[in-house]
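J.: Chains as they are written, first to last, in the numbering used here: chain A, 3 to 541; chain B, 3 to 541.
My structure is below; once you've seen it, I'll send some questions.
Below you can see the structure in the form of C-alpha cells.
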C-alpha cells in the first residue's frame, strides 16, 4: 500500500490554500514547532543518560522541597521551552530517584530502552484513544498479534493465545491484571450462586504474594475476612505449599464458604520465590477455582529455554501476567496478561452504550479491548512492545536478560566469598538477597552479648535486643548508610523475621563494572558499621 | 542548586574509565544511539502531522488486515529503526483513525499538543515508577503542586485543594477516578454497617451518565439490582432531575436499602447535558451520600470565567474529575481528580508491605499516591500537565478552548440556516448535536407516507417504519455515508429515541476552514441521501 491514500474529499486542497495550508505557528500542534522542540527534548534526554552517573541514585531532597521552588499558581502567559527545560534540570532532576541509573539496584528495576521509548513516542504522537477496534484498528490488531508473538516466546500453552481461542491484552499494571481476573472469577461464581452471596467468596494467596492482590480483593468487594494467606517458611524458600493450601480450602468449604481464586507467584517481590504452579493448580482445579499466575518480574526471563521450567504447570492456570515494564525493556506502563477464557473477562467488563455502537463490533469479528480491562480509554501500548521485539529480536533479548543474571551471580560470588556476609535465600533470577551474617555481628562480642554501638542514634540500646533484632538492626543501618551515600540504591525486605538487602540487577545501563563497584560500596559501609560495634565483655 | 550534584562515591570516575566511560553501543539505552533514533522519530511524527489531512480520518481497513501483513512470530534478530519506521508508515498508519486530524469531530476529540507530547517524552525518558514519595519525590510533589494550580484555575472550593486539606491526584482515566471514589464511599458506609451488608448498597445516576459508572459499580461489587438510573427527557435537555432523584432515594430507603453514591455529570457524552449540581448535592446530603462530579469533557472550559457557572454547586460534592487528555491539550492518559477527604480514599486503597516501608512514609509528611489510586505503579504524569500549563499559560489555554466553542457556533449557524437540518439540543460547549429534520424527510413524501428508498440495502422497507424510525434511519445513513468518505469523522448517539449526529470540535489542528469544509461534506452527503428518497403518493 502506498504511503498516502487518496480519498474522496474534492474541495480539500482548495480550502487548505484558503486557510494558508495548515495550522499557524500559534497552533499548539504546529508540525515545525513540534520538530524544533522535539529535537531539543531528545537532546535533553540523551544528555541526561550520558550524565546519569553524576547524580545520586536515590534523590536526597527533603519533603516539600519543590513547593519552595515553584510559583503558587500557573503562569498567565506562555513560557519558552528553554526556560522550562532549565527548570526541569534545576528543580525536577534533583527530586528524581534515577531508575535508569546503572547504579540502581532497588525494588525491581524498570528497564527502559531506546526502542521502548520510541514506541511510546509514536503512541503519544498518534494519540489515538483505542477503546474499541474501530477507534483505531491498528492499535487493537497489533496488540493481539504482539501478544501472540510473546506468548509463543514464553511457550505458553496455545489455549492462552488468540490462535487457540484464548488471548492476550496489555494492561497498565499487574494490579489491574489481578483485579480484572479476580472480578471475572467472582462473577463467574456469582452467576451460579447469586449476587447476594458475594460475602461467601474466599480468595487465596501466600504471605509472599504482592500487596496488589489484597488491594484488588478489597476493591472487588471480597469480604476482608475471606482473604486467606498461606504462611511460607525459609525452609521451602518462601514458596507456597500446596498441602497447606488444600488444608485451608478444605476448612473453608466445610465452613460453607466458596473458594474462587488463587493467586500464585513466579518471582515474589521480596525474594523472587517461585510457587509450584502444577501442584497448586491441581488443588485449585478440585474446587473449580480460577488460578492467576503473577510473574510480574520473572516472566520475562522465561523466554530463555533454560529458565522456562519456572513456569512449568502454567497450563493448569486460567490467566498469566508479567510486566514488560519491569524487566523487558519496555517503559512504564505495560503489563502483559493472557487468559484462557476471554469471555469470562468480557462478561464482567463489557459495556455497550449507544454512542460506542458500530458495525465492526456488531459483526463480532473484532476484539474490543475496552471489554478486557478496567477503563474505557487506552493508549496504543503495543507499539512500544512491538518496537522492543523487533529492534532487539528474541536472541538479543535473551542475551540482555542473561547478562543481568550473570551480573547477579558475580555479586552473589562476592557475598559468598566474604565471611562477614551471607546469601539469605537461593538466587533464582537476577536478584540477590543478602545480609551481614549473624556471626559477623556476634563476633564483635563475647558470648554473643553485644556492646553499645557508638555514634548511632538509630540503633537502640543493644542490651535490650534479641540477637535477631540486633542483626536486623545492623543490616537496616547498612542499607540506610549505603542509600544515603547516593552512590548506589538498594531496597530491603523482611522475610521469616530476617531483614535482608536486595541487590536487583536489571537497570539497562548496568554493566559488570557497576556491580563490582557496588560491592565495594557495600563492603565500605559494612566495614564502618561493623567497626562501630565495640567489643564488650560478658557481664 | 547547581546542575550536577557532587556526592560521595570516590571511585566512580576511576571505574567509569575502566569500563570505557559508559554503556557500549550495543546497550539498548546507549545515549548517542538514543539521540540518533530519537531525532528520526521526531521527524517522523512532525511529518505525520504535516501530512495528516491526506489520510482518511476514519481508518478504512477491514478486520484482520494487519495479520495478513505481519509475520506470525517475533524476529530472532534485530531489525533497524529505518525498517521499522517504514512498516509503521506502510502498515500501521493505514489502520489508524486519526484522532489528531483537523477533520476529526467524533466522540470527544483528544487534543494533543507539543507541550503535552514533550512532557510525556520527559516522563518516559526518566521512566521513574513513582508509587510513593520516596521512589521519586519530584513526581509526587509536582503532581500535588500542579493539581492545586489547576484547582485554582477552575475556582474549585479550597476544600478540594491540598492547601485546604483536600487534594488532587492524576488518574489514568475517569473510569479509574469513578471506581476509586465509589470504593471509598462504599467502604465509608461498610465501616459503619458492616461488610456483610454490601448487598444493601445503592448507587444513582441518570440515563445519560457515562457507561464507566455502571462498570465501576460492577467491579466494586455493587449488586446490579441496586444500580439506579434516573430517566431524563428532551424537555429538560437530558439533565438529571433532583426531584426524581429524591423520589427514587425515598423509595429505596423505605425498602431498607442504603444509598451511598451519586454520579452527577457536567457535559454528558451524548449531548453535553449538565446536571444541576447544587440541587442534586442538596438531595444527596440529606442521605449522607458521596457525590462525584464527572466533568470529563466539560471541566476544562470551566477555567474560562464565562463558563465557570456550569460547575456551580460543586462545593456540595465530595469529588470532582475532568480529563486533561480530552480537551486540555494533554496526551492520553491524564484524568484530574480532586477529593475533599483524601483519608476516605486512602482508607480503602492504601497498602503497607514491608518492601515499601521507608522513613518518609513513616514521617507522615509526604503523599504516597499509590494509596490514592487502583494500581501501585504510576507514571510521572504531572510533567505533561505542567508543561501544558507553562508552555501556553492560562490566557492562551482559555483562548484555545474559546476558539473551539466559536467554531462549534459557526457550525451551529450553518445547521440553523439550512431548513433541511435541525439542532437537536441546545449547544453548551463545542459539540453540536444535529440531524436532518423530520420535515425534510417527510417533505419527500405526500401525507407523510414514505416511498421506497432506492440504492440502499441498509434501509428496510419504509412502509413498515414509523416516522421516527424512518428519520433515524436517514440520519444513520447520513453518518455512515460521511464517515465512509474518509473526509471527516463524526459519531452519533440516540437520546429520547432521536438518532443524532455529534459534531465535536476539539482536535488541536482544527481551524475554521475545516469546519466550513465539514459542513460542505455534510450537505453533499445529505443532498444525495434525501434525493435517494423518491416522492410517492399516498395510498
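We put the CB at the ideal spot given by N, CA and C, even for glycine.
All figures in this text were calculated on a predicted structure; none of them were measured in a lab.
With residue 140/B as the anchor, note down where its beta strand (DSSP E) starts and where it stops.
T.: Segment 139-155 is the alpha helix (DSSP H) holding residue 140/B; no beta strand (DSSP E) there.
J.: Would you say residue 474/A reaches chain B, if we count a Cβ-Cβ gap shorter than 9 Å as a contact?
T.: So, not an interface residue.
J.: Any heavy atom of the ligand ATP closer than 8 Å to the CB of residue 275/B?
T.: This structure does not include the ligand ATP; it has no bound ligands of any sort.
J.: Quick one: what does DSSP say residue 424/B is sitting in, helix, strand or coil?
T.: Looking at residue 424/B - three-state DSSP - the assignment turns out to be strand.
J.: Going by Cα to Cα distance, which pick from 524/A, 340/A, 500/A and 477/A is closest to residue 240/A?
T.: Taking only the C-alpha atoms, the option nearest residue 240/A is 500/A.
J.: Closest by CA to residue 355/A, which one among 57/B, 509/B, 441/B and 493/B?
T.: Closest by alpha carbon: 493/B.
J.: Measuring only the C-alpha atoms, how far is residue 469/B from residue 437/B?
T.: Rounded to the nearest angstrom, the two C-alpha atoms are 14 Å apart.
J.: Determine the chain A residues that contact residue 230/B at a beta-carbon separation under 8 Å, and present them in chain order.
T.: Within 8 Å Cβ-Cβ: nothing; residue 230/B doesn't reach chain A, min ~16 Å.
J.: Assuming residue 504/A is part of the beta strand (DSSP E), what are its boundary residues?
T.: Here the beta strand (DSSP E) through residue 504/A covers 500-506.
J.: Determine which residues share a DSSP beta bridge with residue 110/A and list them.
T.: Residue 110/A pairs with nothing; no bridge assigned.
J.: Is residue 47/A buried or exposed, if buried means 16 or more other CB atoms sit within 10 Å of its CB?
T.: By the neighbour-count rule (16 or more Cβ atoms within 10 Å), residue 47/A is buried.
J.: How big is the Cα-Cα spacing for residue 149/B and residue 415/B?
T.: Using only the alpha carbons, I get a separation of about 37 Å.
J.: Using DSSP with H/G/I as helix, E/B as strand and the rest coil, what is residue 32/B?
T.: In the structure shown, residue 32/B sits in coil (DSSP, three-state: anything other than H, G, I, E or B).
J.: Spell out the partners DSSP gives residue 437/A in its beta bridges.
T.: Residue 437/A is bridged to 424/A.
J.: Buried or exposed: which applies to residue 227/A, given that a residue is buried once 16 or more other Cβ atoms fall within 10 Å of its Cβ?
T.: By the neighbour-count rule (16 or more Cβ atoms within 10 Å), residue 227/A is not buried but exposed.
J.: To the nearest angstrom, how far is it from the Cα of residue 323/B to the Cα of residue 369/B?
T.: The straight-line gap from Cα to Cα measures roughly 19 Å.
J.: To the nearest angstrom, report how far apart residue 400/A and residue 79/B are at their CA atoms.
T.: Rounded to the nearest angstrom, the two C-alpha atoms are 11 Å apart.
J.: Can you tell me which residues form a DSSP beta bridge with residue 374/B?
T.: DSSP, once it has assigned bridges, lists no residue as partnering residue 374/B.
J.: Nearest to residue 479/A by CA position, among 268/A, 535/A, 409/A and 337/A, is which residue?
T.: Per the Cα distances, 535/A.
J.: Let's see if you can read the secondary structure: which residues bound the alpha helix (DSSP H) around residue 417/B?
T.: Residue 417/B -> alpha helix (DSSP H) spans 384-419.
J.: Is residue 234/A close to chain B, meaning its C-beta is less than 9 Å from at least one C-beta of that chain?
T.: So, not an interface residue.
J.: Can you check DSSP and say which residues form a bridge with residue 340/A?
T.: Residue 340/A is bridged to 170/A and 322/A.
J.: If you reduce the DSSP assignment to three classes, tell me which class residue 222/A lands in.
T.: Here residue 222/A sits in coil by DSSP.
J.: Going by Cα to Cα distance, which pick from 373/A, 159/A and 473/A is closest to residue 320/A?
T.: Among 373/A, 159/A and 473/A, the Cα nearest to that of residue 320/A belongs to 159/A.
J.: Taking its Cβ as the centre, do 16 or more other Cβ atoms sit within 10 Å of residue 527/B, making it buried, or is it exposed?
T.: Residue 527/B is buried by the Cβ-count criterion.
J.: Look up residue 206/B in the DSSP assignment and say whether it is helix, strand or coil.
T.: Residue state, collapsed to three classes: strand.
J.: Ordered along the chain, which non-local residues of its own chain (more than five positions away) have a Cβ less than 7 Å from that of residue 104/B?
T.: Cβ neighbours of residue 104/B beyond the five flanking positions: 55, 509, 511, 512, 513 and 516.
J.: Does any C-beta atom of chain B lie closer than 9 Å to the C-beta of residue 364/A?
T.: Cβ-Cβ to chain B under 9 Å: no for residue 364/A.
J.: Under three-state DSSP, which class holds residue 442/B?
T.: Three-state result, residue 442/B: helix.
J.: Would you check if the region 155-174 of chain B and the region 234-254 of chain B touch, i.e. whether three or more CB-CB distances between them fall below 8 Å?
T.: Not touching, per the Cβ criterion.
J.: Identify the continuous beta strand (DSSP E) that holds residue 292/B and give its terminal residues.
T.: Per DSSP, residue 292/B belongs to the beta strand (DSSP E) from 292-296.
J.: Can the beta-carbon of residue 128/B be found closer than 9 Å to that of residue 100/A?
T.: In this structure, residue 100/A lies closer than 9 Å to residue 128/B by Cβ.
J.: Comparing C-alpha positions only, which one of 141/B, 35/B and 69/B sits nearest to residue 550/A?
T.: The question about residue 550/A has no answer here: the residues shown for chain A are numbered 3 through 541.
J.: Quick one: list the residues of chain A neighbouring residue 37/B, beta-carbon separation under 8 Å, in chain order.
T.: Correct list: 44, 45 and 48.
J.: In the structure shown, what three-state DSSP assignment does residue 200/B receive?
T.: Three-state DSSP puts residue 200/B in a helix.
J.: Could you name the residues of the same chain whose beta carbon sits closer than 6 Å to that of residue 543/A, not counting the 5 residues immediately before and after it, in chain order?
T.: No statement about residue 543/A is possible, as the shown extent of chain A runs from 3 to 541 and does not include it.
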